[in-house]
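Residue numbers (my numbering), protein chains in the order written: chain X, 4 to 410; chain H, 9 to 141.
Where is the CB? At the ideal position from N, CA and C, for every residue including glycine.
Working notes, beginning with the structure itself.
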Amino acid sequence: MYDVEKIKKDFPIFRQRLNGRPVVFLDTAASAQKPLCVLDKMRAVYETAYANAHRGSYAFAEQITTEFEAARQTVQKFVNAASAREIVFTRNATESINLVASSWGEQNLCAGDEVLISQAEHHANLVPWQNICAKTGAKLVVFPIADDGSYLKDEFEKHLTEHTKLVAVTAMSNVLGTVFPIKEMAERAHGFGAKILADACQYAVHNIIDVQDWNCDFLAFSGHKTYGPTGIGVLYGKAEIMENMPPYQFGGDMIDHVTYQHTTFADIPARFEAGTAASVQAIGMAEGLKYMQALGLENIAQYEQELIKYTVERLNEVPHLTQVGTAKGKGGVFCFDIAGIHPQDLAFVLNKENVAVRTGHHCAEPLVNRMGYTSLARASLGLYSTKEDIDALIAALCKAEKFFRES
Amino acid sequence: MNIDELIENFAFFDSWEEKYQYVIDLGRHLEPLAAEYKCDEWKVRGCQSQVWLVPTFKPHSIHFYGDSDAILVKGIIAIVLMIYNDKSPEEIKNVDVQEIFAKLGLEENLTPSRRNGMMSMVEKIKQYATGAK
């Protein structure tokens, strides 16, 4: 049985009280809270075996390097990559996507080529492509989604052509919750000789990833959303593609041989990990993934499905509230608008009620605009979220509604 | 009403609800900003809601008009303008806005968070004052 009350106790932050009351945290889609095991693990590394990974040949250095590479294997298993060589540690998912745009993009894109993205992308999977398209003369093509946020297969297939060199698409939208069928899209993209990158920032928090089954060429996600620390992210890339990609940044141990005149570069993944690695963060991230695996990703998903249904129903009870993004099978993010109340005003009252939600454009301004808004409030679920959290959200929303109606 | 009277009025409130209902009321009575100024040119960047600020330069002082599409923000703008309006550039430079907001018990509105645009507005007012000298 999924004992969420017991799970919640694994997260020290939930012991915090603000104004004598607990905090209802409904902003996991922005960043997740950290279980004690992650904090303990990172502290233990610093206290018992810290040194620069992949540098020294003394005991501490060997130990941390072993743990760092074990973290890579944990990530490999988490996404079911064929080899740990295909796992590059980055600062975050945004850097992962920038790495592909810079390195692969610069090498493979030119005038006449197209990069295809969906309307549902957040800035991290939009701006890097805008930038590399402007540099290379390639064209950025955006395929529409439905008004309810659903994926439109026909639109995707209509915009996918022999000019498409890369499809970059979210596996789950951070605004709409829409889940995109990466496996099916990858098959279509490959049919046109295009590569596909899946932005799994949100998807990884809630569902099982299988890069081999999906047959995606690149996949990005970040540690801080999967219950690990900030400052660490992952890029998965197929070995045969990454082996032919030039370095993204230079320096540190990403080299094979250096003279004052010339440098040859290291094999993957080291080639893409310039400078001192965020080794402790990588180890912490792996601990977060192991925590999720110990709970069971199927169990988390199953538990969240029930809570998603409950949240949708309860939000519909709030007067004048419109949910934005209601695609079938959506994940646990809920954007909404209450007619006549600015989301920032709403967030103010929610904060007074100790309910943490995000408001604004969610780093996806074109998408929020496409849905007909400039700003939205968003509640999102994590593996520790409860029905009581949702009840507190609804009570706070009703209070806000009343507060502004009467003002 | 001046800012000292406002501080006195604020001392009577027991709950945040009362206090912020009053802030909303102040926003309602804010000098209107003509619709033509509610465009990108006069938008204060770095605010989550839309905030507009328009200065009018007098011989020895500056008068500001402001507005927002969020009603609490609009109330806070009313207070900020009550603090800064019709002062000389030198006076604007010397105002301790943090201290006044602390006295009002509204300091939570002046945090450095990029999501909360009030600091950007104060900075903008100071920039106009510096430019006017």
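Identity of the residues DSSP links to X/T164 by a beta bridge: DSSP, once it has assigned bridges, lists no residue as partnering X/T164.
Span of the alpha helix (DSSP H), counted from its first residue to its last, around X/E404: 390-409
Cβ neighbours of X/D151 in the same chain (closer than 8 Å, five flanking residues each side left out): G328, T329, A330
Assigned exposure category for X/C338 - 16 Cβ within 10 Å defines buried: buried
Cβ-Cβ distance between X/T279 and X/N55 below 7 Å: yes
First and last residue of the uninterrupted beta strand (DSSP E) at X/S121: 117-121
Exposure of X/Y61, with buried meaning 16 or more beta-carbon neighbours within 10 Å: exposed
Proximity to H/I15 [Cα-Cα], best of H/K82, H/I108, H/E25, H/R36: H/I108
Contact list for X/D30 against chain H, beta-carbon separation under 7 Å: What X/D30 touches in chain H: nothing, since even the nearest Cβ is about 12 Å away.
Beta carbon proximity, H/W24 to chain X, threshold 7 Å: yes
Residues, ordered as in the chain, of the stretch 217-247 of chain X that lie near chain H by beta-carbon distance below 9 Å: none
Sequence-distant residues of the same chain with beta carbon closer than 6 Å to X/Y306, five excluded per side: Y5
Which of helix, strand or coil DSSP assigns to H/D48: helix
Rounded straight-line distance, which links the Cα of X/T164 to that of X/F14: 47 Å
Residue span of the beta strand (DSSP E) that contains X/K331, given as start and end: Element bounds for X/K331: n/a, residue is neither H nor E.
Proximal chain X residues relative to H/A78, where beta-carbon distance stays under 7 Å: H345, Q347, D348
Sheet register partners of X/K198 (DSSP bridge): X/L169
Check whether X/V178 and X/V78 have beta carbons under 7 Å apart: no
Cross-strand partners of X/S383 (DSSP beta bridge): X/D30, X/V336
Interface flag, X/G363 vs chain H, CB-CB below 7 Å: yes
Enclosing beta strand (DSSP E) for X/R361 [first to last residue]: 361-363
Which residues DSSP lists as bridging X/M175, in chain order: X/V182
Length at least 3, wholly inside the stretch 86-148 of chain X: the beta strand (DSSP E) runs in chain order: 90-93, 117-121, 142-146
DSSP-derived helix/strand/coil call for X/R191: helix
Assumed close pair X/V82, X/A359 - CB separation to whole angstroms, cut-off 8 Å: Actually they are not in contact, since the Cβ atoms of X/V82 and X/A359 sit about 29 Å apart, beyond 8 Å.
8 Å contact criterion, which X/H209 and X/I303 should meet: CB distance rounded: 7 Å
Completely contained beta strand (DSSP E) runs for the stretch 15-68 of chain H, where each covers 3 or more residues: 59-65
Proximal chain H residues relative to X/F351, where beta-carbon distance stays under 7 Å: L80
Residues near X/A85 in its chain [Cβ-Cβ closer than 7 Å; skip 5 each side]: Q215
Helix, strand or coil at X/A52 according to DSSP, with G and I counted as helix: coil
Element boundaries [beta strand (DSSP E), containing X/S225]: 221-225
Distance between X/F275 and X/V170 (C-alpha atoms, nearest Å): 22 Å
Reduced DSSP category for H/V103 - H, G, I as helix; E, B as strand; rest coil: coil
With 16 other Cβ atoms within 10 Å as the buried cut-off, status of X/N319: exposed
Close Cβ partners of X/G363 (< 6 Å) along its chain, the five nearest in sequence each way excluded: S378
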